Structure formats: structure tokens, C-alpha cells
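These notes concern the structure reproduced below.
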Amino acid sequence: MVQFIASGTLKDSLFISFPTTNFPQGITEVTLFNKDAKPLAERLVYVNIGDGLQIKVTGLESSYPVRGKVNLKIKTSDKAGNPIPAQIAISVFDKMYKHKDGKNILTHYFLSSQLRGRIYNPDFYFNPSNKNRLRALDLLLLTQGWRRYIWDEVSLSEKQQSTAAISPQIKGRLRPIRKSKNSRHQKMLMLFNSNNSNKQMVLLDESGNFQLHEPYFTLGRRLYLKHFPSEKDEYEIAISDPFKEIKITINNKESIYPLIEELTDNITTEVIEPWETGKTIALDEVQIQTKKVRVFRDKYLGQLDSIAKIGFLNTDYIGACGYLNCTACGGGTKPIEGKDYPMLVGDDIPKKHPRIVGIPGREIVHVTYRNKRFTEEELLKKFNLTKIKGYYGKREFYQPNYEIESDPFPDIRNTLFWSPSIITNMDGEAEVSFYCSDINTAFIGIIEGLGEDGILGRTELDFLVNSK
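Heads up, our numbering is the position in the sequence shown plus 38, with the first residue counted as 1.
What follows is the structure, given as C-alpha cells:
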């Protein structure tokens, strides 16, 4: 988005100053045009460093006893000191486990995702204690920057309102494949997770359309939609997969980095057979067999598979004559997995007793019975299910409370506190409490987040835990 345009006459040199007060923090592209609006030169500069979300922590002491309680007050504000609500993440852990690469929320969004190549110790440029960081950052942009010179009416126009690639809700439809005369209208579906601990009813309209909203997907990692057709009806659920849409969006994202063309001239391809020597014996064929039993990762599908093997999906039987699937008997008891049974095979198998065997078209074989292996698609279809992907909702982090309990076992936690989502109030305030462990060491706390207007911020804290 264009932030500022200025013009002047260039003879020997020309100085142009422009205000950056209202510029967003980050990398800005400055381009010099000639009188015909053709780009002549371009470079990158970083503006308003440190003008992001301000995070202030009070109540922190320099040291705490083992299992001591830490009470922190957090306040978020803009660069002018005005309080603003923000969503922040906090982690407090053993300082020994701090990454040495210096990557964080600021370095990712303001540097690593904007420049090509690897940036070593990117946090150096955002640490106010480094006095020469601004000069070093300017040199980084001069060496790691790139030029593209793409200026047209679209790029010079005002930024258009973008639309979300993924909708917060998913639409679907229950479509009939085969309906009987006495078919009844289905009014709802049942949505549940793989262990059946959470269930929700999803309403259908007259055309069988439905919507799955965001709270539905927090029921579990694997979710199932079940419909309830009449005995002779057959339906299918058509629903979009948001994870496929996310993948397509990522794959179709246009790269703005310069691409090096492949050198294809004067390149010859030579096929080399590294294993072919004078003592090599070539085999006509190699067969690889396995006896590993297919196991469903999802326990619920495993239960359905077990039901199918002993239920209506398994039509195998042992006739009164002792033969497997005897057409003359027409039914019998269920066969046993791993047991040997005689079986009549051929093109001319009689439909009634007595049967004459040993003639062409009829042959007796002995087989070791194995249950039919059902695919995931077969199981879902037979049980009127549709599998969709969900995600875990809120994850609770374990925290002891030593005010009301006394645990005799050693507390060896290296991570004292972790919360991925803490929202400050309208005054930009939030309070956090946690207990130290029995480890005598230095701990570090990292607080990162963004304000309601999208500005990013980060701060760190540290303290000691000792046995005194």
C-alpha cells in the first residue's frame, strides 16, 4: 500500500524528507522514478522500530523460594502509553532451554518473512541494548534486500479489502442417492468425536443443507457426521474440506522473491547402473510379502471394523456339511479366524445336496479362514458416517497449588507456566499467578502478543529460584 508520494527536480543531488509517524512498523520500500514514471532505483528501509505493542510487567521479584508463588500484573498499551486490549501468550521455563537462534514473533513477521536468505540472530536488531542495531539493520536491508520494479495502476491504487481464504463455517449437504417411496425426511445429523464423549445435533433445512460453525470443530481431532436414513434409502454427505483449501491457498501463493532460471542448455543425462558389475546375477522377478495386520489408528473405526467382522457386513458362514460358504446349505454358523475349512470352488457348483465332486468344474480346496479386510471408505459408507477433521480446543496446562495441597514428591518441572491465550481487559490489564518448582536455577519468561489493531509486541522477564 502506497504511504507517501513526493516529486522534485534532480540535478546533482536531491533530498526528500517524508513523515513516518503514521507508517506501520516494518520494512518500507522506497522507489525513485524518472519523469516517465519508470523506476530507476529502489531500496528497503525499516521504519518505526519499537512502536509496536508495549507490554509492561509489574510485581516480579528477583528471586523466589522453591514452590514459592509468583504474582504478575501485565499491562498492554500503544506507543503513546494508551491502554489497549491485547491477546498475549506467556511461557515461563528454565533459562537453559532458551533457543539461541533469537527467533520470536517480531523477527518472524518483520524480518524473516520479508527478506530472502537466512538471517543470523535476528533478535539483535530488536534489542534496545544493542546501540548499533539500527545501523546494522540498515546494512542488512541493503545486502538482503531485493528489487522487483513492479509498479502499475493496481499496485499504486489503494489497498482493496481482502477476503478470508477460509470461512469460519463450513457448508455441506445431505444428498439422496436412492430413495424409496416411503422415505422420510431427515431433519438433523449427529456430530460426535472418536471416543463419543462429545455429541452435537446439526439441523438440516428442507433441501438437506447444513452448516458447521467454529465451535463444532473443537469437539476433537477426528469428528464424524452420522445420518439416519430409512432401511432402503441411500444418502451421501457432500462437504468441503477446509484443510484442503488451506493447502491450495498456500501452494498458490505467489512468491515475490527473485527466481533463478534453470540452466538447461548443454546438459546431458547419463543413466548409470551402479550395481551392475561382472559378477552380478540379474533376477527376473522379486516378490516382497508381509504379514503385518492392518490396524486402524482411530479407535472408533477399529470398533466399527470389529462389529463389521461379526455383524451384518460379514456374510461368510459354515454350512451344516462343514464347508465354507456352502451354496447348498445357504447359511450356518460364523467361521473362526485362523481355522482351516474345506471349500467347494469351480464354475459348476451345485445348489443342493447331494453334491458330486471330483468332476471338471468342481474342486475341493482347504483354506485358512481370514476375516474380510474392510477399508475405511467401506466402513464409513455402511455405517452412514462421514469423517471430517477437527482440532483441539483449549488445552489446560498443569499447575500445582501449594496453598491448598502439599505434595511430598519432588517437583521437577522445567516449565512453570504456559498459556497460549490471555486477553487483557479494556484497560489493558491482566493478572497471572503460578508456583515455582523444586529446581534451583534461573527461569525466563517470554510474553508475546498482538493488540486489537494488529500491532505486535514482546517482552522478557527473568528471576531465580533458590532453596533459601
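From the three backbone atoms N, C-alpha and C, an ideal C-beta is built for every residue, glycine too.
Quick caveat: nothing in here was measured; it's all calculated off a predicted structure.
Problem - Contacting residues, own chain, Cβ-Cβ under 8 angstroms from Tyr-407 (five flanking each side not counted) - result: Taking the sequence shown and counting its residues from 1, one reaches residue 407 at position 369. Shown here for Tyr-407: same chain residues with a beta carbon closer than 8 angstroms to its own, the five before and five after excluded, namely Asp-354, Leu-362, Pro-373, Ile-374, Glu-375, Gly-376, Lys-377, Asp-378 and Tyr-379 in chain order.
Problem - Buried versus exposed, by CB contacts within 10 Å (16 or more), Asn-8 - result: Summary: the structure shown does not reach residue 8, with the chain confined to residues 39 through 506, and so no result is reported for it.
Practice task
Rank Ile-215, Pro-253 and Phe-61 by C-alpha distance to the C-alpha of Pro-206 and give the top, closest one.
Solution key: The sequence position of residue 206 within the sequence shown is 168, counting from 1. Residue Pro-253 is the option with its Cα nearest to Pro-206.
Problem - 3-residue-minimum beta strand (DSSP E) runs that sit fully inside the segment 372 to 429, ordered along the chain - result: For the segment 372 to 429, whole beta strand (DSSP E) runs of length 3 or above, ordered along the chain, are 378 to 383, 401 to 406 and 423 to 427.
Practice task
Report buried or exposed for Val-383, applying the criterion of at least 16 other Cβ atoms within 10 angstroms of its Cβ.
Solution key: Position 345 of the sequence shown, counted from the first residue, corresponds to residue 383. Classification for Val-383: exposed.
Problem - DSSP beta-bridge partners of Ser-457 - result: Along the sequence shown, one-based indexing puts residue 457 at 419. Partner(s): Ile-128.
Problem - Residue burial classification, Gly-492 (beta-carbon count within 10 angstroms, cutoff 16) - result: Counting from 1 along the sequence shown, the entry for residue 492 is found at position 454. Using a 10 angstroms sphere on the CB of Gly-492, the tally of other CB atoms stays under 16, which defines it as exposed.
Practice task
Below 8 angstroms CB to CB, which residues in the same chain sit around Tyr-429 once its five sequence neighbours on both sides are set aside?
Solution key: In the sequence shown, the residue the question calls residue 429 occupies position 391. Only residues of its own chain outside the window of five on either side were considered, and among them Phe-255, Thr-256 and Arg-259 have a CB closer than 8 angstroms to the CB of Tyr-429, listed in chain order.
Handout entry: Pick from Gly-487, Ala-75, Ser-268 and Lys-264 that is closest to Gly-466, judged by C-alpha positions
Key = Walking along the sequence shown from the start, residue 466 turns up at place 428. Ranking Gly-487, Ala-75, Ser-268 and Lys-264 by Cα distance to Gly-466 puts Gly-487 first.
Exercise for the section: Go ahead and pull the three-state DSSP assignment for Ile-319. Expected result: For the purposes of this step, residue 319 is taken as residue 281 along the sequence shown, with counting starting at 1. It is coil, neither helix nor strand.
Handout entry: Endpoints, the beta strand (DSSP E) within which Thr-66 is located
Key = Position 28 of the sequence shown, counted from the start, is the residue given in the question as residue 66. Counting along the chain, the beta strand (DSSP E) containing Thr-66 begins and ends at 64 to 71.
Problem - Proximity below 8 angstroms, CB of Pro-121 to CB of Lys-113 - result: One-based indexing of the sequence shown puts residue 121 at position 83. One-based indexing of the sequence shown puts residue 113 at position 75. Yes, the pair counts as a contact, with Cβ atoms nearer than the cut-off.
Exercise for the section: Would you kindly check if the distance between the Cβ of Leu-172 and the Cβ of Leu-82 is under 8 angstroms? Expected result: In the sequence shown, residue 82 corresponds to position 44, counting from 1. In the sequence shown, residue 172 corresponds to position 134, counting from 1. With respect to Leu-172, Leu-82 sits apart: the two C-beta atoms are not nearer than 8 angstroms.
Problem - Every unbroken alpha helix (DSSP H) inside the segment 141 to 184 [4 residues or more] - result: The segment 141 to 184 is shown to contain whole alpha helix (DSSP H) runs of 4 or more residues at 171 to 182, in chain order.
Practice task
My understanding is that His-265 touches Gln-325, with C-beta atoms under 8 angstroms, so please give their C-beta distance in whole angstroms.
Solution key: Mapped onto the sequence shown, residue 265 falls at position 227. Mapped onto the sequence shown, residue 325 falls at position 287. Beta-carbon to beta-carbon, His-265 and Gln-325 are separated by about 43 angstroms, too far to satisfy the 8 angstroms threshold.
Problem - Reference Ser-475; option with closest CA among Gly-483, Glu-490 and Pro-448 - result: Mapped onto the sequence shown, residue 475 falls at position 437. Minimum Cα-Cα distance from Ser-475 among the listed residues Gly-483, Glu-490 and Pro-448 corresponds to Pro-448.
Problem - 7 angstroms Cβ shell around Phe-56 - same chain, five flanking residues per side excluded - result: Here the question's residue 56 lines up with position 18 in the sequence shown. Here the set comprises Phe-42 and Ala-44.
Problem - Reduced DSSP secondary structure (H/G/I, E/B, other) of Phe-61 - result: Locating residue 61 in the sequence shown gives position 23, where the first residue counts as 1. Note: Phe-61 maps to coil in three-state DSSP.
Handout entry: Neighbourhood of Arg-216 by C-beta distance below 8 angstroms, restricted to the same chain and skipping five residues each side
Key = Here residue 216 refers to the residue found at position 178 when the sequence shown is read from its first residue. Around Arg-216: Lys-270, Asp-271 and Glu-272.
Problem - Neighbourhood of Asn-142 by C-beta, 7 angstroms cutoff - its chain only, sequence neighbours within 5 removed - result: Taking the first residue of the sequence shown as position 1, residue 142 is located at position 104. These residues qualify, in order along the chain: Asp-161, Glu-486 and Arg-496.
Handout entry: Contacts around Leu-499, its chain only, beta-carbon distance under 6 angstroms, and the 5 residues preceding and following it disregarded
Key = As a position in the sequence shown, residue 499 is number 461, starting the count at 1. Same-chain partners within the cutoff: Val-95, Leu-98 and Gly-483.
Handout entry: Assigned secondary structure, Asn-504 (DSSP; H/G/I helix, E/B strand, else coil)
Key = Within the sequence shown, the letter at position 466 stands for residue 504. Reduced to three states, the DSSP call for Asn-504 is strand.
Practice task
Rank Ile-208, Arg-105 and Gln-249 by C-alpha distance to the C-alpha of Glu-283 and give the top, closest one.
Solution key: As a first step, residue 283 is located in the sequence shown; it is residue number 245 there, counting from the start. Of Ile-208, Arg-105 and Gln-249, the residue nearest in Cα terms is Ile-208.
Problem - beta strand (DSSP E) runs contained entirely in the segment 214 to 266, provided each spans 3 or more residues - result: Taking only runs of at least 3 residues, the beta strand (DSSP E) segments lying wholly in the segment 214 to 266 are 226 to 231, 237 to 241, 247 to 250 and 260 to 264.
Exercise for the section: For the alpha helix (DSSP H) holding Ile-485, just list the boundary residues, first then last. Expected result: Walking along the sequence shown from the start, residue 485 turns up at place 447. Run containing Ile-485: none in the alpha helix (DSSP H); it sits in the beta strand (DSSP E), 480 to 489.
Exercise for the section: Check whether the Cβ atoms of Leu-212 and Ile-275 lie closer than 8 angstroms to each other. Expected result: Residue 212 sits at position 174 when you count from the first residue of the sequence shown. Residue 275 sits at position 237 when you count from the first residue of the sequence shown. A contact, by the Cβ cut-off of 8 angstroms.
Problem - 6 angstroms Cβ shell around Thr-69 - same chain, five flanking residues per side excluded - result: One-based indexing of the sequence shown puts residue 69 at position 31. Excluding residues within five positions, the ones whose Cβ falls inside 6 angstroms are Pro-77 and Glu-80.
Practice task
Identify whether Asn-289 lies in helix, strand or coil by the three-state DSSP scheme.
Solution key: As a working mapping, residue 289 is identified with position 251 in the sequence shown. Asn-289: helix per DSSP, three-state reduction.
Exercise for the section: Could you tell me the distance, in whole angstroms, from the CA atom of Tyr-147 to the CA atom of Ser-457? Expected result: The sequence position of residue 147 within the sequence shown is 109, counting from 1. The sequence position of residue 457 within the sequence shown is 419, counting from 1. Their Cα atoms are separated by approximately 21 angstroms.
Practice task
Count the other CB atoms, across all protein chains shown, that sit within 10 Å of the CB of Ile-356; report buried if there are 16 or more and exposed otherwise.
Solution key: Position 318 of the sequence shown, counted from the first residue, corresponds to residue 356. In this structure Ile-356 is buried. Its beta-carbon is surrounded by 16 or more other beta-carbon atoms within 10 angstroms.
Practice task
Mark Val-108 as exposed unless 16 or more other C-beta atoms lie within 10 angstroms of its C-beta, in which case mark it buried.
Solution key: Your numbering for residue 108 matches position 70 in the sequence shown. Answer is buried; the Cβ neighbour count reaches 16.
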